[in-house]
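*Asks:* The structure is given below, and queries will be raised subsequently.
Number of protein chains: 2
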Amino acid sequence: MFTLLSVDKGVCAPAGFFADGVCSGLKPDGKKDLAFIYSDSLCDIRAIFTTNRFQAAPILHFKKNAIETTNFILINAKNANALTGEAGVEDVELVLKHAKAYLKNIENPVMSSTGVIGVPLPKEKILKGIELFDLSKRSPKAAAEAIMTTDSYSKQVAFEVKLENGDSFRIGAMAKGAGMIAPSMATMLCFITTDAALPADEMIPLLKECAETTFNAISVDGDTSTNDSVMLLSNGKSGIYHREAFVFALEKVMHELALKIVADGEGATKCVAFKITGAANRNEASRAAKALTNSLLVKTALHGEDPNWGRIASTIGASGVECDPKKLTISFGNVTVYRKGEILFDTEQELKAAQIMKKRSFAIHCDLGIADGCFTAYGCDLGYEYVRINADYRT
Amino acid sequence: MFTLLSVDKGVCAPAGFFADGVCSGLKPDGKKDLAFIYSDSLCDIRAIFTTNRFQAAPILHFKKNAIETTNFILINAKNANALTGEAGVEDVELVLKHAKAYLKNIENPVMSSTGVIGVPLPKEKILKGIELFDLSKRSPKAAAEAIMTTDSYSKQVAFEVKLENGDSFRIGAMAKGAGMIAPSMATMLCFITTDAALPADEMIPLLKECAETTFNAISVDGDTSTNDSVMLLSNGKSGIYHREAFVFALEKVMHELALKIVADGEGATKCVAFKITGAANRNEASRAAKALTNSLLVKTALHGEDPNWGRIASTIGASGVECDPKKLTISFGNVTVYRKGEILFDTEQELKAAQIMKKRSFAIHCDLGIADGCFTAYGCDLGYEYVRINADYRT
Numbered sequence: 001m002f003t004l005l006s007v008d009k010g011v012c013a014p015a016g017f018f019a020d021g022v023c024s025g026l027k028p029d030g031k032k033d034l035a036f037i038y039s040d041s042l043c044d045i046r047a048i049f050t051t052n053r054f055q056a057a058p059i060l061h062f063k064k065n066a067i068e069t070t071n072f073i074l075i076n077a078k079n080a081n082a083l084t085g086e087a088g089v090e091d092v093e094l095v096l097k098h099a100k101a102y103l104k105n106i107e108n109p110v111m112s113s114t115g116v117i118g119v120p121l122p123k124e125k126i127l128k129g130i131e132l133f134d135l136s137k138r139s140p141k142a143a144a145e146a147i148m149t150t151d152s153y154s155k156q157v158a159f160e161v162k163l164e165n166g167d168s169f170r171i172g173a174m175a176k177g178a179g180m181i182a183p184s185m186a187t188m189l190c191f192i193t194t195d196a197a198l199p200a201d202e203m204i205p206l207l208k209e210c211a212e213t214t215f216n217a218i219s220v221d222g223d224t225s226t227n228d229s230v231m232l233l234s235n236g237k238s239g240i241y242h243r244e245a246f247v248f249a250l251e252k253v254m255h256e257l258a259l260k261i262v263a264d265g266e267g268a269t270k271c272v273a274f275k276i277t278g279a280a281n282r283n284e285a286s287r288a289a290k291a292l293t294n295s296l297l298v299k300t301a302l303h304g305e306d307p308n309w310g311r312i313a314s315t316i317g318a319s320g321v322e323c324d325p326k327k328l329t330i331s332f333g334n335v336t337v338y339r340k341g342e343i344l345f346d347t348e349q350e351l352k353a354a355q356i357m358k359k360r361s362f363a364i365h366c367d368l369g370i371a372d373g374c375f376t377a378y379g380c381d382l383g384y385e386y387v388r389i390n391a392d393y394r395t
Numbered sequence: 001m002f003t004l005l006s007v008d009k010g011v012c013a014p015a016g017f018f019a020d021g022v023c024s025g026l027k028p029d030g031k032k033d034l035a036f037i038y039s040d041s042l043c044d045i046r047a048i049f050t051t052n053r054f055q056a057a058p059i060l061h062f063k064k065n066a067i068e069t070t071n072f073i074l075i076n077a078k079n080a081n082a083l084t085g086e087a088g089v090e091d092v093e094l095v096l097k098h099a100k101a102y103l104k105n106i107e108n109p110v111m112s113s114t115g116v117i118g119v120p121l122p123k124e125k126i127l128k129g130i131e132l133f134d135l136s137k138r139s140p141k142a143a144a145e146a147i148m149t150t151d152s153y154s155k156q157v158a159f160e161v162k163l164e165n166g167d168s169f170r171i172g173a174m175a176k177g178a179g180m181i182a183p184s185m186a187t188m189l190c191f192i193t194t195d196a197a198l199p200a201d202e203m204i205p206l207l208k209e210c211a212e213t214t215f216n217a218i219s220v221d222g223d224t225s226t227n228d229s230v231m232l233l234s235n236g237k238s239g240i241y242h243r244e245a246f247v248f249a250l251e252k253v254m255h256e257l258a259l260k261i262v263a264d265g266e267g268a269t270k271c272v273a274f275k276i277t278g279a280a281n282r283n284e285a286s287r288a289a290k291a292l293t294n295s296l297l298v299k300t301a302l303h304g305e306d307p308n309w310g311r312i313a314s315t316i317g318a319s320g321v322e323c324d325p326k327k328l329t330i331s332f333g334n335v336t337v338y339r340k341g342e343i344l345f346d347t348e349q350e351l352k353a354a355q356i357m358k359k360r361s362f363a364i365h366c367d368l369g370i371a372d373g374c375f376t377a378y379g380c381d382l383g384y385e386y387v388r389i390n391a392d393y394r395t
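Residue numbers (my numbering), protein chains in the order written: chain A, 1 to 395; chain B, 1 to 395.
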């Protein structure tokens with residue numbers, strides 16, 4: 001048995017972690033745009049990255065140096081440093097060399113970037129920004145704000161995990177993401193800190209296990225970025241490790257941040273859980289659920305609060321999974337509109353379903369009636385704001 | 001050698017074909033909504049249909065009766081008769097039985113439907129509408145208008161094909177489609193007529209061959225409908241057949257209609273050819289090209305006339321095809337913005353690329369530099385109008 005207690009201070013909640021965000025001039029409106037996470041003792045670090053073939057320069061730098069321990073992560077917004085070739089990786093090296101020289105006590109520094117693809121990194125601004133850092137600062141909210149791009153709010157979460165015997169450890173995290181969200185093996189930027197005495201060789205398996213039902217189960221627009229990264233930093237300061245409790249807490253942290261990202265989907269007004277049950281297997285359930293999160297016709301119907309169940313059925317039929325109209329059942333919340341070939345969509349049911357869709361968050365449940373495969377994916381609606389934000393993102 | 005001459009009269013251009021559209025009250029605004037195509041002699045008919053697992057009732061009826069000859073097709077808008085179970089197929093039978101009794105001279109009648117999914121067919125209106133038909137009418141434009149749903153204009157095309165020896169035959173067609181367009185093996189509704197003496201056993205292979213580079217190469221929104229159908233009617237009246245000329249004409253007819261559908265994509269202001277060359281093979285080229293047509297971030301950048309080449313590169317990278325940033329080249333029209341790792345995107349090039357994007361129709365060319373696989377797919381931009389049209393389609 002163990003209990004989770006929600007605590008403040010995001011990535012600074014675990015012992016020994018520091019963070020802050022500063023204004024380096026990357027964002028034209030003078031908002032914070034450069035962040036760090038620092039640990040006063042060396043951490044194990046493991047990360048999972050985007051499956052995009054054109055991985056960004058900071059990811060290439062991380063892999064090239066096979067980094068496994070660090071005490072410092074530098075994160076910039078507004079520029080992804082992706083598709084920038086060898087010059088992009090050299091820029092990462094130059095920036096981190098400067099950080100090491102200027103800030104002292106830094107080992108194997110790591111960089112992470114988000115923003116426009118295909119523009120050389122504005123190094124000068126970042127070099128000056130680093131000189132504003134104070135490694136003794138515990139300002140996790142400023143850090144979470146600095147890594148935002150089109151996000152409308154910052155995203156952080158932290159828990160204290162108490163074991164039955166009174167022992168405890170903490171886990172904290174921050175993330176950014178609102179568009180180009182269809183993570184595959186990883187997501188947009190997410191940084192998780194813990195003082196649990198986590199064995200290093202468990203870090204990647206745990207990240208992958210928890211990503212499957214959290215970051216890999218969300219989609220804002222079906223686009224997989226060049227920079228998606230989830231990094232887990234563990235300094236062991238609590239001296240405590242309890243595998244079951246840690247996995248539970250890690251999954252909860254990642255799940256909460258994943259839902260925050262979907263709820264903040266560009267232009268989104270709703271966060272919808274697409275729950276598939278009764279599929280031939282878990283893979284098929286996942287395929288059908290993800291197809292629903294990515295269908296423009298489903299997403300626009302959500303925006304219009306229109307219980308157009310025909311589009312949901314059609315999307316499942318087009319997804320390629322085993323299905324049969326005589327076995328399919330579709331419900332909006334607790335309102336069933338189609339059951340095994342029978343259309344239950346009279347005026348009353350339609351009004352009830354439309355009522356459910358007015359909520360900020362609700363579930364659409366499709367039982368395929370084939371076998372027992374199930375999966376839940378999370379998506380959002382597509383509104384005018386998505387078009388406005390993305391029709392001219394670079395300017 | 002042969003020549004193609006553009007002619008009027010759409011599906012009525014080939015000898016012996018008649019068509020018209022009437023108002024049966026399915027469309028609340030009193031517009032035409034019910035059409036027929038009739039041939040005064042029996043035709044061979046072959047069709048290719050949607051890969052959606054939930055095929056609509058008219059498709060199930062066609063397959064159930066293994067129809068291979070007919071002289072009459074009835075087409076209604078506003079109701080897809082999909083996900084309507086056995087009752088839906090019974091409705092098709094009832095409606096066609098009435099047509100046969102009322103109109104005389106009709107053999108193996110075929111039905112085709114488009115509109116909202118999951119609502120029982122309004123039979124009474126259709127039965128009354130059939131009584132307004134006059135089989136001697138040659139009003140192909142009225143027919144093409146009657147099958148429109150969210151289309152902003154009707155779509156028809158016809159050619160006379162003249163052979164070197166003076167022989168000739170004709171081919172005509174009409175189509176509808178503007179949303180739920182990502183055909184797979186078939187497309188939205190398309191009806192092709194010909195008086196060529198076409199061997200019946202060549203019809204399906206020719207349809208499939210020509211669909212690959214035409215209807216199957218377009219996408220408006222990545223959604224594959226329950227009703228997609230391409231039907232080819234051949235009455236042999238010209239007595240002439242020349243395989244090479246027929247394939248050329250059929251491919252041209254389907255290509256022109258496919259481009260009309262993309263150009264009329266819901267809310268679209270541009271029709272863009274995504275030309276992939278240098279891929280590992282044709283399949284990979286097709287996958288990359290289609291990924292570009294379906295990326296929301298690419299589609300919104302098109303709408304904003306923003307030459308955001310980074311999103312194009314990222315989409316190719318996320319599509320799973322073999323690619324390498326050092327081999328990739330990206331051009332907007334004749335303006336190259338990225339060549340084999342080198343960013344050629346200064347202010348001058350950016351202005352030139354933005355200038356090209358102001359056009360109603362242009363090409364984006366990506367050479368992957370791997371091998372010689374190539375494919376061109378056609379897509380459109382995503383604007384506010386798409387959201388407006390689809391957020392409340394049913395009302």
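A virtual CB, placed ideally from N, CA and C, is assigned to each residue, including glycine.
Treat the numbers as computed from the prediction; the structure is a model and nothing was measured.
Might you give, ordered along the chain, the residues of its own chain that have their beta carbon closer than 6 Å to the beta carbon of S184 (chain A), omitting 5 neighbours on each side?
*Replies:* Residue placement at S184 (chain A) cannot be trusted, given a pLDDT of 47 that sits under 50; the coordinates are not used to answer.
*Asks:* Please report the straight-line C-alpha distance between F49 (chain A) and F62 (chain A), rounded to a whole angstrom.
*Replies:* Whole-angstrom Cα-Cα distance: 10 Å.
*Asks:* With a 10 Å radius around its C-beta and 16 neighbouring C-beta atoms as the bar for buried, classify F375 (chain B) as buried or exposed.
*Replies:* The residue in question, F375 (chain B), is buried, as its Cβ has 16 or more Cβ neighbours within 10 Å.
*Asks:* Quick check on DSSP: helix, strand or coil for G21 (chain A)?
*Replies:* Looking at G21 (chain A) - three-state DSSP - the assignment turns out to be strand.
*Asks:* Determine, using beta carbons only, whether V220 (chain A) and G310 (chain B) come nearer to each other than 8 Å.
*Replies:* No. Outside cutoff.
*Asks:* How is H303 (chain B) classed by DSSP in three states: helix, strand or coil?
*Replies:* Three-state DSSP puts H303 (chain B) in a helix.
*Asks:* Closer than 8 Å, Cβ to any Cβ of chain B: which residues of the segment 302-319 of chain A, in chain order?
*Replies:* Hits within the stretch, in order: H303, G304, D306, N308, W309, G310, R311, A313, S314, T315, I316, G317 and A318.
*Asks:* Using a threshold of 8 Å, state whether the C-beta atoms of A19 (chain A) and Y38 (chain A) are closer than that.
*Replies:* In this structure, Y38 (chain A) lies closer than 8 Å to A19 (chain A) by Cβ.
*Asks:* Closest to D397 (chain A) by CA distance: which of A:L60, A:R46 and A:F17 is it?
*Replies:* The shown model of chain A, from 1 to 395, leaves out residue 397 (chain A), and the question about it has no answer.
*Asks:* L250 (chain B) lies in the alpha helix (DSSP H); which residues open and close that run?
*Replies:* First-last of the alpha helix (DSSP H) with L250 (chain B): R243 to A263.
*Asks:* For chain A, find out if any of its Cβ atoms is closer than 8 Å to the Cβ of T347 (chain B); answer yes or no.
*Replies:* No, no contact with chain A.
*Asks:* Measure the beta-carbon distance from V11 (chain B) to M174 (chain B) and round it to whole angstroms, keeping in mind my assumption that it falls under 8 Å.
*Replies:* V11 (chain B) to M174 (chain B), Cβ: 5 Å. Contact.
*Asks:* Find the residues of chain B that neighbour F54 (chain A), judging by a C-beta separation of less than 7 Å, and give them in chain order.
*Replies:* Under the 7 Å cutoff, chain B gives A313, S314, G317 and P325.
*Asks:* Could you check the C-alpha separation between A144 (chain A) and D346 (chain A) for me, to the nearest Å?
*Replies:* Spanning the two alpha carbons is a distance of roughly 47 Å.
*Asks:* If you measure between the beta carbons of H255 (chain A) and L382 (chain A), is that distance less than 8 Å?
*Replies:* Result no, Cβ atoms of H255 (chain A) and L382 (chain A) do not sit closer than 8 Å.
*Asks:* State the start and end residues of the unbroken beta strand (DSSP E) segment that holds T194 (chain B).
*Replies:* Where T194 (chain B) is concerned, the enclosing beta strand (DSSP E) stretches over L189 to T194.
*Asks:* Using a Cβ-Cβ cut-off of less than 8 Å, give me the residues of the segment 330-346 of chain A that come near chain B, in sequence order.
*Replies:* Result list: Y338, G341, E342, I343 and F345.
*Asks:* Based on the DSSP secondary-structure assignment, which residues constitute the bridge partners of A82 (chain A)?
*Replies:* A82 (chain A) pairs with nothing; no bridge assigned.
*Asks:* If you follow the beta strand (DSSP E) that I240 (chain B) is in, where does it begin and where does it stop?
*Replies:* Unbroken run through I240 (chain B): none, as it is neither H nor E.
*Asks:* Would DSSP call S225 (chain B) helix, strand or coil?
*Replies:* Of the three classes helix, strand and coil, the one that applies to S225 (chain B) here is coil, per DSSP.
*Asks:* Verify the CB distance criterion: does N105 (chain B) have a CB-CB separation below 8 Å to chain A?
*Replies:* Taking Cβ atoms only, chain A never reaches closer than 8 Å to N105 (chain B), which makes this a no.
*Asks:* How would you call A186 (chain B), buried or exposed, if buried means at least 16 neighbouring beta carbons within 10 angstroms?
*Replies:* Annotation note: pLDDT 40 at A186 (chain B) (below 50); position unreliable, no value reported.
*Asks:* Look at the alpha carbon of H242 (chain A) and the alpha carbon of S234 (chain A), and state the distance between them as a whole number of angstroms.
*Replies:* H242 (chain A) and S234 (chain A): Cα-Cα distance of roughly 14 Å.
*Asks:* Is any beta-carbon of chain B found at less than 8 Å from that of T226 (chain A)?
*Replies:* Yes, because at least one Cβ of chain B sits closer than 8 Å to the Cβ of T226 (chain A).
*Asks:* Express the C-alpha separation of N227 (chain A) and L189 (chain A) in angstroms, rounding to a whole number.
*Replies:* So the two alpha carbons sit approximately 7 Å from each other.
*Asks:* For R339 (chain A), which residues does DSSP report across the bridge?
*Replies:* For R339 (chain A), which the question treats as bridged, DSSP gives the partners A:T329 and A:E342.
*Asks:* Which residues, in chain order, does the segment 112-132 of chain B contribute to contact with chain E at a C-beta distance below 9 Å?
*Replies:* The structure shown contains no chain E; the protein chains it does contain are A and B.
*Asks:* Between B:L344, B:E348, B:A354 and B:M111, which has its C-alpha nearest P120 (chain A)'s C-alpha?
*Replies:* Comparing Cα-Cα distances from P120 (chain A) to each of B:L344, B:E348, B:A354 and B:M111, the minimum goes to B:L344.
*Asks:* Can you give me the Cβ contacts of E385 (chain B) inside the same chain, cut-off strictly under 6 Å, excluding the 5 residues immediately before and after it?
*Replies:* These residues qualify, in order along the chain: G267.
*Asks:* Between the alpha carbons of L5 (chain B) and A354 (chain B), how many angstroms are there, rounded?
*Replies:* Answer to the nearest angstrom: the Cα atoms are 36 Å apart.
*Asks:* What residues match up with Q156 (chain A) in a beta bridge as DSSP calls it?
*Replies:* Bridge partners of Q156 (chain A): A:M174.
*Asks:* Determine the direct distance from the alpha carbon of A87 (chain A) to that of I147 (chain A), and round the result to whole angstroms.
*Replies:* If I take the Cα positions, the gap works out to 23 Å.
*Asks:* Less than 8 Å between CB atoms is the rule here; does L163 (chain B) satisfy it with respect to chain A?
*Replies:* Not an interface residue.
*Asks:* Spatial neighbours of D167 (chain B) within its chain, please: CB distance less than 7 Å, with the 5 preceding and 5 following residues excluded, ordered by chain position.
*Replies:* Cβ neighbours of D167 (chain B) beyond the five flanking positions: I240.
*Asks:* Excluding the five sequence neighbours on either side, which residues of its own chain have a C-beta within less than 7 Å of the C-beta of Q349 (chain A), listed in chain order?
*Replies:* Around Q349 (chain A): V335 and V337.
*Asks:* Thinking L292 (chain A) and I261 (chain A) are a contact (beta carbons under 8 Å), I'd like their distance in whole angstroms, please.
*Replies:* That belief does not hold up - the Cβ atoms of L292 (chain A) and I261 (chain A) are roughly 18 Å apart, past 8 Å.
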